[in-house]
Amino acid sequence: MKLTKIFGATEALFILIFIISGCKPDGYIDIQHLWREPVIEPDYSGVTIPVNIAPLNFIIKEDGVSFTIKARSSNSSDLKIKSKDGVVSFPVKSWKKLLKENQGQRIEIDILSEDNYGKVIEYDPVYMHVANEPIDPYLCYRLLYPGYESWKEMKIVQRSLENFHESSLFENQLLDDNCVNCHTFKQNDPGRFLLHVRGSKWGTYFVDDNEITRRTLRTEEMSANAVYPSWHPGGRYVVFSSNEVVQAFHMISGKKNEVYDQSSMLVIYDCNRNEISNIEETDTVKYMETFPCWSPCGNYLYYCRAKQIKKGFDYRNIKYDLVRKSFDQNLKVFGNAEIVFNAIEINRSVSFPRISPDGKYLVLTLHDYGTFSIWHKEADLYLLNLENGEIDLMDLNSAETESYHSWSSNGRWLVFSSKRGDGLTARPYFAYFGSPENIGKPFVLPQETPEFYKRFDKTFNIPEFVTGKIKIGPRDFARSSRKKSIKAVWSGSEK
Amino acid sequence: MNSRSKHLPKMKKKRSIDILLDKILQAMKMAEKLPVRISLILILTTSIAYFYFYGEGLFFFQENKSLFIFSNEYIQKYLMKPGGLLEYSGNFLTQYYYSDLYGSLINIACLILVFLVFLKTDRRLLAGSFSILLILVPPFLLFFIQISYIHSIHNSLGYILLALYFYFSVVTTGRRSRFLCLALFPVFFYLTGSFALVYPLIYIVYSIVYKKGINRYLEPVFMIVTTGVTFIIFKEILFFQPADQLLRYPLPFIEVLRIPVLYNILFLYMILFPVFTHVSGLIKLKAKYTGFINLTTFISIFAITVIQLSKNYDHDLANLFKIGKSVFKQDWNSIIRQHETSPSINSNGQYYYNLALSEKGQLCNRLFYGRQDFGSKSLILPRDYAHLDRAIYYYYSIGLISEAHRLAYESMVKNGYRPENIKMLIKTELINGNYKIASGYINILKKTSHYKKWADKYEKFLNNPELIKADPELGEKIRSIPDTDFFIMSGDIDNIDMILKANPDNKKAFEYKIAWLLFKKDTKTVLNEVRKMKAMGYMNIPRHIEEAILLYMYFNHELPDLGDLIVSMDTELRFSRYITTYLNNSENNQILEREMKKIGEKTFWYYYQFK
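As structure tokens, this is what we get:
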């Protein structure tokens, strides 16, 4: 009788265990649920991602000797990965399938960690939202040390956003180790762009349909080099700011570099006629003008403007407003300057205006003073509604510098430089832009090895979207550098 | 007697000849072993004596030129260019150079390897015999290359691999194998970089001298074509390296396209080696002369080596390296002691002495106790590329932490990771409270073999400002950094003024300013500064400042305001003696200088008068 009871109880216990284990994921018995998400690096939790993005590999920063990761959704079969060290690398094919099947939906990533004693911890799932709109397939950026004056290795690379392939576009060791900067595309076009090379291979290298032309834009009439460019959407004109740049080094902790202009003006280059001229300012007040940006329709030129500094100036008082001028494309005539955003009024300064492809929004960097926001910790991105003039701090900012930014060709994605990782090196972050009220949580450019950013000591500079693969490479630039530079002709002032 | 028995005496005779021949051959082999042994002893004794007893600073300098990191990123950098792996291997070996014994052994091992490879090659070319002179020249040339401070061990490896590749080409028999050996040239080029480009020349000379028939021309042509095609493929397809980089890397270049002479001599020797062996094979010497020639060879090489070493040994450079080593260890007392007993005549050596005085708070007390030939130039070094690594310490010492950080960063960008620039970046980032960045640099050092412990120590400071403040070194620097911001300027004294304006209690900056004024012999301004000293916490006036005050008073006959501080009786007495000696000997300049030196060489007065 007793024995029967014992057997009956044991049987019941086994049945109970069987039922419970059957309910628990992966047959684990001793599971503790932590009512929080696991810490993962990079932070991809709650991000909105494009359907064509490379796998968002990450590291689980939780204790454990074994991890089980399951990416699941309502529309597809589960993608299950085991990891011993917490490094999660999704197989590219399965990842692509997962995203494709969940376009416009969200993916749930369940993570379990197991310790040496078989104790399993289950966390709240991590979600990723898959947007309907794809991102441009390539990102182009410059890699260099985020230092002061010196450089050694410097290169511009193109990185496929759909996988992890990165290839060089420009390697400075092939051009006498000279500095290269300001790669600028005509509306994300991989076949039409320019970049500046300084030093012995001096010139602005224009790329047009895989042909490179080396040009000297600076003429005797210009007091400084052509620096920050903006392509007119028509492709014929490029407006540059010509800046006399000064660099100084702070001696207090918390600040490193200060880069500011002693003077600057806007010039317009006619690619067809190889002519350059200044854009005349009709105002009686003398200004410094920089960071030009064409509106997508080509009828307005936006730029940043500050009063010309005088002897004994305080660099902390150099503040830029956002202004614009109308442009008659047929007559090549500019209208008068009008203030679009009066930053001086709120004791701040504007840099890098960038207009969305639909012409409705403008993203700018706002900081305390000056013009070189990348060294300003307080620099943040703001969204200006060009239709109603409203300006708002964007949710994507951090306590560190957010600075250089650009739009994808479909206007649904923003890429921007952020130093939120360590305060020194800038990394490209992407954010979905549905509307001013619908901006996705940003995510850092995914890397095959998720620990990459911990170890990589160079900075990602000027991230720019490109709609396809750039066909030329470093040797093409090296060959062009051996050709004679074509000197631009000064053609006076454009009103 | 059958035919067999008829042949027996003949066979016996033949066998005895064989035995005799064997004995002769054995004797010859024994005789051959002796010069080899003597050569090895010669190489060992010379190199051990030099490296172990004189090479101390040499290894220290070379170890500090690079930082070997056990990481994928580190090796990837070297995989991207032909010759990179050679430098990587060299850096791997150099990381342990903090031990002089280890450094000596590695360098000696390279010399012995070169000797053995040349011995083998020579034997092969001379069909069993060898010329001791021919095989002793390369290790001794390499020895002279290795004792230069610009040398890196990867270059020795380059020579060894070059000699080895040639040896394998010589021993490879069979046409197909030989062509296969030559066809491996691209791999050899990738491994050794510019060293490989010497190989075709060696092989062409070898073919012309030793080959016969069509191969004499065919193999050189094959070699030339292989080299050309490899070079083009490397330049145009595989690597983003410009032609001059492919031609020169990883050889040391002092200036653009200038390889140090000894490197070229060794290359030339290797190229002509087949000719030398061929010529030596043609010279038939009687056995009795061989021993004499070998003996003469040993004596000559040994004598030349000793003479050259004693002639070229740069005592001051060695002294500077020794001081540098103490700077890295922050052994300030040792630097002061060394400079005061065995003064450096190098401006960098004197700069380090002044730095050590500053770190010990003795700059204005002992400045003239050590030799000072460069005035203010040995007080603050220029911030150009040549002085970058050394100039950092001054800024760190006076509390211009941001400038020390900037220079350390510039050094890292220009020179790559070096133990000292990474250590300085860690310290300055910790002082400035940038823990995330500091953590990145600490992780770099944690992946090294020698600096891991140092990194572990500094890792404890991360996110712990209280611990940083409590640290004697970091805490002191935190207290001396400027409270208000300014931009660093090109004028050194302007920067000191700015930091004193921002942080008037910064004694180190103050004493640097005074030292600068003393070097400029500007006693009036020194006097003006004395008034501030009491408020800065000085209880006594440092010795050299007292000397400047008395000198000013002597010339200007006025009693200056010393801001509640007084000149010590001892200094007044010394000055009185100095003046008396001066007045007693002022008529004869030679005697005057001698006597003044005796009485006051270590004073500002003597510097003022005679420097």
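Protein sequence lines correspond, in order, to chains A and B. Numbering of the first sequence is given in our numbering, commencing with residue 1 and proceeding in unit increments. Numbering of the second sequence is given in our numbering, commencing with residue 1001 and proceeding in unit increments. No residue lacks a Cβ here, since even glycine has one placed at the ideal position from N, Cα and C.
Listed by chain order, chain A residues near B/G1433 by CB distance under 9 Å | Taking the first residue of the second sequence as 1, we reach residue 1433 of chain B at position 433. Within chain A, the residues near B/G1433 are S253, G254.
Throw me the rounded Cβ distance for the A/V126 and A/I40 pair, which I believe falls under 8 Å.
-> By 1-based counting over the first sequence, the position of residue 126 of chain A is 126. By 1-based counting over the first sequence, the position of residue 40 of chain A is 40. So it is a contact: roughly 7 Å between Cβ atoms.
Pull up the CB-CB distance for A/I60 and A/V92, whole angstroms please, since I reckon it's below 8 Å.
-> Sequence index remark: in the first sequence, residue 60 of chain A carries index 60 (1-based). Sequence index remark: in the first sequence, residue 92 of chain A carries index 92 (1-based). The pair is not a contact, with the Cβ atoms about 20 Å apart (cut-off 8 Å).
From what residue to what residue does the beta strand (DSSP E) around A/Q496 run?
-> A query on residue 496 of chain A cannot be resolved here, the shown segment of chain A reaching from 1 to 495 and no further.
Using the C-alpha atoms, what's the distance from A/L366 back to A/R354?
-> Numbered from 1 along the first sequence, position 354 holds the residue referred to as residue 354 of chain A. Numbered from 1 along the first sequence, position 366 holds the residue referred to as residue 366 of chain A. C-alpha separation (whole angstroms): 13 Å.
Whole alpha helix (DSSP H) runs in the stretch 1129-1189 of chain B with 4 or more residues, listed along the chain?
-> 1132-1146, 1153-1171, 1175-1183
Between B/L1093 and B/L1157, is the Cβ-Cβ spacing less than 9 Å?
-> To locate residue 1093 of chain B, count along the second sequence from 1; it is residue 93. To locate residue 1157 of chain B, count along the second sequence from 1; it is residue 157. Cβ atoms of B/L1093 and B/L1157: closer than 9 Å.
Range covered by the alpha helix (DSSP H) that runs through A/P50 | Walking along the first sequence from the start, residue 50 of chain A turns up at place 50. Taken as a continuous stretch (DSSP letters only), A/P50 belongs to no alpha helix (DSSP H), as it is neither H nor E.
Where the stretch 394-424 of chain A meets chain B: residues whose CB sits under 9 Å from a CB there = G421, D422, G423, L424
May I ask you to report which of helix, strand or coil DSSP gives B/E1601?
-> Here residue 1601 of chain B refers to the residue found at position 601 of the second sequence. B/E1601: coil per DSSP, three-state reduction.
If you draw a straight line from the C-alpha of B/S1411 to the C-alpha of A/F465, how long is it?
-> To locate residue 1411 of chain B, count along the second sequence from 1; it is residue 411. To locate residue 465 of chain A, count along the first sequence from 1; it is residue 465. Near 33 Å, if we compare the C-alpha coordinates of A/F465 and B/S1411.
Give the residues from the stretch 147-162 of chain A that approach chain B closer than 8 Å (Cβ to any Cβ), ordered along the chain.
-> G147, Y148, E149, S150, W151, K152
Beta-carbon contacts of A/D380 that lie in its chain and below 8 Å, excluding the five residues immediately before and after | Mapped onto the first sequence, residue 380 of chain A falls at position 380. Cβ within range, chain order: T365, L366, H367, L393, M394, N397, E402.
B/T1525 at chain A interface by Cβ criterion, 9 Å = Here residue 1525 of chain B refers to the residue found at position 525 of the second sequence. No, because no Cβ of chain A sits closer than 9 Å to the Cβ of B/T1525.
Which same chain residues, not among the five before or five after B/Y1263, have their C-beta less than 8 Å away from its C-beta?
-> Walking along the second sequence from the start, residue 1263 of chain B turns up at place 263. So the list reads I1145, N1155, L1251, P1252, once near-sequence residues are dropped.
Out of B/F1179, B/Y1165, B/L1180, which has the shortest C-alpha to C-alpha gap to B/Y1199?
-> Sequence index remark: in the second sequence, residue 1199 of chain B carries index 199 (1-based). The shortest C-alpha separation from B/Y1199 is found at B/Y1165.
Is A/Y269 closer than 9 Å to A/A488 when the C-beta atoms are compared?
-> Translated into positions along the first sequence, residue 488 of chain A becomes position 488. Translated into positions along the first sequence, residue 269 of chain A becomes position 269. Yes, the pair counts as a contact, with Cβ atoms nearer than the cut-off.
Taking any Cβ of chain B, which residues in the stretch 169-195 of chain A have a Cβ under 9 Å from it, in chain order?
-> E171, Q173, L174, L175, D176
Backbone CA spacing between B/N1585 and B/S1576 [nearest angstrom] = Against the second sequence, residue 1585 of chain B aligns to sequence position 585. Against the second sequence, residue 1576 of chain B aligns to sequence position 576. Going from the Cα of B/N1585 to the Cα of B/S1576 covers about 14 Å.
Output the boundary residues of the beta strand (DSSP E) element that contains A/H129.
-> The residue you call residue 129 of chain A lines up with position 129 of the first sequence. Where A/H129 is concerned, the enclosing beta strand (DSSP E) stretches over 126-130.
Kindly confirm or deny that the stretch 1435-1450 of chain B and the stretch 1477-1497 of chain B touch, where touching means at least three C-beta pairs closer than 8 Å.
-> no
Distance between beta carbons of B/S1397 and B/S1358, contact taken as under 8 Å = As a working mapping, residue 1358 of chain B is identified with position 358 in the second sequence. As a working mapping, residue 1397 of chain B is identified with position 397 in the second sequence. Their Cβ separation, rounded to whole angstroms, is 5 Å, which keeps B/S1358 and B/S1397 in contact under 8 Å.
Any beta-carbon of chain B closer than 9 Å to the one on A/H165?
-> Here residue 165 of chain A refers to the residue found at position 165 when the first sequence is read from its first residue. For A/H165, the answer is no, since every Cβ of chain B falls outside 9 Å of its Cβ.
What residue range is occupied by the uninterrupted beta strand (DSSP E) comprising A/M288?
-> Taking the first residue of the first sequence as 1, we reach residue 288 of chain A at position 288. Where A/M288 is concerned, the enclosing beta strand (DSSP E) stretches over 287-294.
Sequence ranges, alpha helix (DSSP H) only - wholly within the stretch 302-353 of chain A, length at least 4 = none
Can a CB atom of chain B be found closer than 9 Å to the CB of A/E378?
-> Taking the first residue of the first sequence as position 1, residue 378 of chain A is located at position 378. Taking Cβ atoms only, chain B never reaches closer than 9 Å to A/E378, which makes this a no.
CA-CA distance, A/P370 and A/K319?
-> Residue numbering aside, residue 370 of chain A sits at position 370 when the first sequence is read from its first letter. Residue numbering aside, residue 319 of chain A sits at position 319 when the first sequence is read from its first letter. Residue identity check: residue 370 of chain A is Gly in the sequence provided, not Pro. Their backbone Cα atoms lie some 6 Å apart in a straight line.
Coil, strand or helix - A/V206 by DSSP = In the first sequence, residue 206 of chain A corresponds to position 206, counting from 1. The sequence given here places Phe at residue 206 of chain A; Val does not occur at that position. It is a strand residue.
Identify whether B/N1091 lies in helix, strand or coil by the three-state DSSP scheme.
-> The residue you call residue 1091 of chain B lines up with position 91 of the second sequence. DSSP places B/N1091 in helix when its eight states are reduced to three.
Assumed close pair B/S1047, B/L1111 - CB separation to whole angstroms, cut-off 8 Å | On the second sequence, position 47 is the one that residue 1047 of chain B refers to. On the second sequence, position 111 is the one that residue 1111 of chain B refers to. With a Cβ gap of about 6 Å, B/S1047 and B/L1111 count as contacting.
Of the residues B/F1610, B/K1532, B/T1581, which one's Cα is nearest the Cα of B/I1599?
-> On the second sequence, position 599 is the one that residue 1599 of chain B refers to. For B/I1599, the nearest C-alpha among the options comes from B/T1581.
Among B/F1328, B/Y1578, B/S1066, B/Q1362, nearest to B/L1592 - alpha-carbon criterion = Position 592 of the second sequence holds residue 1592 of chain B. That would be B/Y1578, whose Cα lies nearest to the Cα of B/L1592.
Stretch-stretch touch, CB-based, cutoff 8 Å, three pairs: the stretch 278-285 of chain A with the stretch 406-418 of chain A | no
For my contact list, B/F1240 and A/P190 are in at a C-beta cut-off of 8 Å; report their separation, rounded to the angstrom.
-> Looking up residue 1240 of chain B in the second sequence gives position 240. Looking up residue 190 of chain A in the first sequence gives position 190. The pair is not a contact, with the Cβ atoms about 20 Å apart (cut-off 8 Å).
What residues in its chain sit with their C-beta under 7 Å from that of B/Y1088, if we drop five residues either side in the sequence?
-> As a position in the second sequence, residue 1088 of chain B is number 88, starting the count at 1. So the qualifying residues of the chain are I1075, Y1078.
Measure the alpha-carbon distance for B/K1611 versus B/R1574 and round it to whole angstroms.
-> Position 611 of the second sequence, counted from the first residue, corresponds to residue 1611 of chain B. Position 574 of the second sequence, counted from the first residue, corresponds to residue 1574 of chain B. Computed Cα separation, rounded: 20 Å.
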